[in-house]
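Visitor: Dropping a structure here in structure tokens format, bear with me for questions.
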Amino acid sequence: MRILTIVGARPNFVKVAPLMDEMSRHPDLETILVHTGQHYDHEMSRAFFEDLEIPEPHVNLEVGSGTAVTQTAEIMLRLERVMEETQPDVVVVVGDVNSTLSAALTAVKMGQPIAHVEAGLRSFDRTMPEEVNRVLTDAISDFLFVTEPTGVDNLLREGRPKERIFLVGNVMIDALRRFLPHAKHRALPPELCARSKHNGGLAGSYGLVTLHRPSTVDNLWTLRAIWEGLEEIAKEVPLIFPLHPRTQNRMKEGGLCDSWQDASNGVCLVPPMSYLQFLKLQSEATLVITDSGGVQEETTALGVPCLTVRENTERPITLSEGTNVLVGLNGSRLVQEARKILRGEGKKGQVPTLWDGQASARIVRTLVDQIRPDHLSETGGYALPSRDWRPT
Ligand code: UD1
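Using my numbering, the first residue of the sequence shown is number 2, and each one after it goes up by one.
Have a look at this one:
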């Protein structure tokens, strides 16, 4: 069976690492990895392939940055040729980025079965580009691999047939479990150590910050309110803040920071970090402040208190079972909740069932069982799963 897997952006790389590793254990599987090139900076892409030991992609479509429409359309145009040449039996897409939707659209137009890993998550906020990507990808996928029970409910409510939905756990946590021991021994960038030592950080307790969503960083008023909250928290605990390119640009435009050196207020700004460095910092942090989806899950798996600077989350299990607290786009609530954590009153959570490091094994097993040679169609390819999707 030939499986074509598509990645494009930073969170995708973490998810495909355990999947590619698992696929390599099945001698009957031929795997092809395609990188769309949505993320292309060394720190946003190659550094992740190195840390996560992901094989070199067979093809890089090199689409680069652009508007969401250009990015989506370009990926489709370039991917069509690759799919024509490779004729995969199933196309695997992960997560909710523009590359995910583009690849799923291309596959469905070419009549190829699609497996969506991390299906069913819903924030119910259609202003988020990721929510639109999730809803549309799930609507056309044939295998829906889900991380938490609410995802199953969402898909059933949207009329997806239950025999296509598989609650398998979380591939991002597979990666975390596999790489945490390596991360613990990972050296941190010397400039980070030097600067945070200057602020009393790293040796003692510190907070870790990540913000990059358009809804958090694109509006200067919102960004300023959160930044002021961070400066307030940094009076009590040093903060380390690796900056996504989008956030760095917005902070420069808004006059909030000029350079990496600007750490006099206790907030240490650094370039984006590699997977292992970030995982090490996360696992040893006193608190994490984020607007990322994956970081909400990783902190829950690590048992580290997490404050999510968003009005909603598509990962509600991190609230109901994990260490996550939603603080909204509100600087003063952020400070209030951070102080609680610093007083030792942070939320204690538990790790959700099935987040046990075995999700990739369940996914690959399911694909191997479901798309078998005895399902060969008359034309010689593997038979498509039924696309008769009337709600039951
Ligand atoms: C994308 C995902 C988001 C994910 C995030 C992780 C979508 C809709 N969003 O957002 O869900 O959480 O990746 O990082 O797909 N840029 C660089 N170098 C790079 C990549 C991007 O400088 O390697 C800059 C470009 O100016 C670009 C901007 O960052 O325009 C935004 O990049 P883009 O890929 O459009 O989306 P992200 O904000 O990274």
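Even for Gly, the Cβ is constructed at its ideal location relative to N, Cα and C.
Alpha carbons only, please: which of N155, E149, R334 is nearest the one belonging to L231?
Guide: Taking only the C-alpha atoms, the option nearest L231 is R334.
Visitor: Whose CA, out of E346, P89, I342, lies closest to the CA of T107?
Guide: Looking at the Cα atoms, P89 is the closest of the given residues.
Visitor: Got a sec? Which residues, its chain only, sit under 7 Å from Q72 by beta carbon, not counting five neighbours each side?
Guide: Same-chain partners within the cutoff: Q39, V64, N99.
Visitor: Could you tell me whether the stretch 166–173 touches the stretch 360–373, using the rule of 3 or more Cβ pairs below 8 Å?
Guide: Yes: at least three Cβ pairs fall under 8 Å.
Visitor: With P19 and A176 assumed to form a contact (beta carbons below 8 Å), what rounded beta-carbon distance in angstroms separates them?
Guide: Indeed, because the Cβ distance is near 5 Å, the residues count as touching under 8 Å.
Visitor: Whole angstroms are fine: how far does the CA of Y41 sit from the CA of E51?
Guide: About 14 Å.
Visitor: Give the secondary structure of T32 by DSSP, where H, G and I count as helix, E and B as strand, and everything else as coil.
Guide: If DSSP states are grouped into helix, strand and coil, T32 belongs with the strands.
Visitor: Would M2 and I364 qualify as a contact pair, given that the criterion is a beta-carbon distance under 8 Å?
Guide: No, the pair does not count as a contact, with Cβ atoms beyond the cut-off.
Visitor: Between which two residues does the alpha helix (DSSP H) harbouring I364 extend?
Guide: Start and end: 360–371.
Visitor: Pair every Cβ in the stretch 274–286 with every Cβ in the stretch 317–337, then say whether three or more of these pairs are closer than 8 Å.
Guide: With the cut-off at 8 Å, the stretch 274–286 and the stretch 317–337 do not touch.
Visitor: Quick one: Cα of E31 to Cα of L145, how far?
Guide: Answer to the nearest angstrom: the Cα atoms are 21 Å apart.
Visitor: How should T354 be labelled, buried or exposed, when 16 other C-beta atoms within 10 angstroms of its C-beta is the threshold for buried?
Guide: With fewer than 16 Cβ atoms within 10 Å of its Cβ, T354 is classed as exposed.
Visitor: Which of the three DSSP states, helix, strand or coil, is assigned to R158?
Guide: Correct three-state label for R158: helix.
Visitor: In chain order, what residues of the same chain have a beta carbon less than 7 Å from the beta carbon of G96, not counting five sequence neighbours either side?
Guide: Here the set comprises P12, N13, K16, E119.
Visitor: Measure the Cβ-Cβ separation of E315 and S124 and say whether it is below 8 Å.
Guide: Taking 8 Å as the Cβ cut-off, E315 and S124 qualify as a contacting pair.
Visitor: With H, G and I counted as helix, E and B as strand and the rest as coil, what does DSSP make of T393?
Guide: Residue placement at T393 is flagged as unreliable, the pLDDT there being 49, under the threshold of 50; the coordinate-derived value follows with that caveat. Coil.
Visitor: Where do the N-terminal and C-terminal ends of the alpha helix (DSSP H) with H183 fall, by residue?
Guide: Counting along the chain, the alpha helix (DSSP H) containing H183 begins and ends at 172–185.
Visitor: From the DSSP output, which residues share a beta bridge with T211?
Guide: Per DSSP, T291.
Visitor: Among all the DSSP beta bridges, which residues are the ones paired with A120?
Guide: In DSSP, A120 forms a bridge with V147.
Visitor: Suppose the cutoff is 8 Å on Cβ atoms and the five residues either side in sequence are ignored; what does the same chain contact list for L53 look like?
Guide: Excluding residues within five positions, the ones whose Cβ falls inside 8 Å are F14, V15, A18, A176, F180, Y276.
Visitor: For L270 versus L244, is the C-beta distance shorter than 8 Å?
Guide: Yes, the pair counts as a contact, with Cβ atoms nearer than the cut-off.
Visitor: Give me, in chain order, the residues of the same chain whose beta-carbon lies closer than 6 Å to that of I318; leave out the 5 immediate sequence neighbours on both sides.
Guide: Once the five neighbours on either side are set aside, the close Cβ partners of I318 are E149, P353.
Visitor: Rank G152, A235, M84 by C-alpha distance to the C-alpha of Q337 and give the top, closest one.
Guide: Closest by alpha carbon: A235.
Visitor: Tell me whether the beta-carbon of T301 lies closer than 8 Å to the beta-carbon of G350.
Guide: Going by C-beta atoms, T301 is nearer than 8 Å to G350.
Visitor: Verify the contact flag: R179, CB atom, against every heavy atom of ligand 1, threshold strictly below 7 Å.
Guide: No, Cβ of R179 sits at least 7 Å from all heavy atoms of ligand 1.
Visitor: Rounded to the nearest angstrom, how far is the Cβ of A116 from that of T138, given a contact under 8 Å?
Guide: Contact flag wrong, Cβ pair sits at about 11 Å.
Visitor: Going by DSSP, which residues form a beta bridge with T6?
Guide: In DSSP, T6 forms a bridge with L34, V93.
Visitor: Label L78 either buried or exposed according to how many other C-beta atoms from any shown protein chain fall within 10 Å of its C-beta, with 16 as the threshold for buried.
Guide: Exposed, since its Cβ has fewer than 16 Cβ neighbours within 10 Å.
Visitor: To which residues of the same chain is K163 closer than 6 Å at the C-beta, ignoring the five residues directly before and after it?
Guide: Correct list: empty, nothing qualifies.
Visitor: Any heavy atom of ligand 1 closer than 7 Å to the beta-carbon of Q39?
Guide: Checking every heavy atom of ligand 1 against the Cβ of Q39, one is found closer than 7 Å.
Visitor: Quick check on the burial criterion: 16 or more other C-beta atoms within 10 angstroms. Buried or exposed for E23?
Guide: Buried is the call here.
Visitor: Could you give the distance in angstroms between the alpha-carbon of T287 and the alpha-carbon of H36?
Guide: Computed Cα separation, rounded: 35 Å.
Visitor: Would you say the beta carbon of P12 is closer than 7 Å to some non-hydrogen atom of ligand 1?
Guide: The answer is yes for P12.
Visitor: Is the CB-CB distance between L62 and I33 below 8 Å?
Guide: No, Cβ-Cβ distance for L62 and I33 is not below 8 Å.
Visitor: Would you report the Cα separation of A10 and M45, rounded to the nearest angstrom?
Guide: Rounded to the nearest angstrom, the two C-alpha atoms are 8 Å apart.
Visitor: What does DSSP give as the partner residue(s) for F242 in the beta ladder?
Guide: According to DSSP, F242 bridges with L270.
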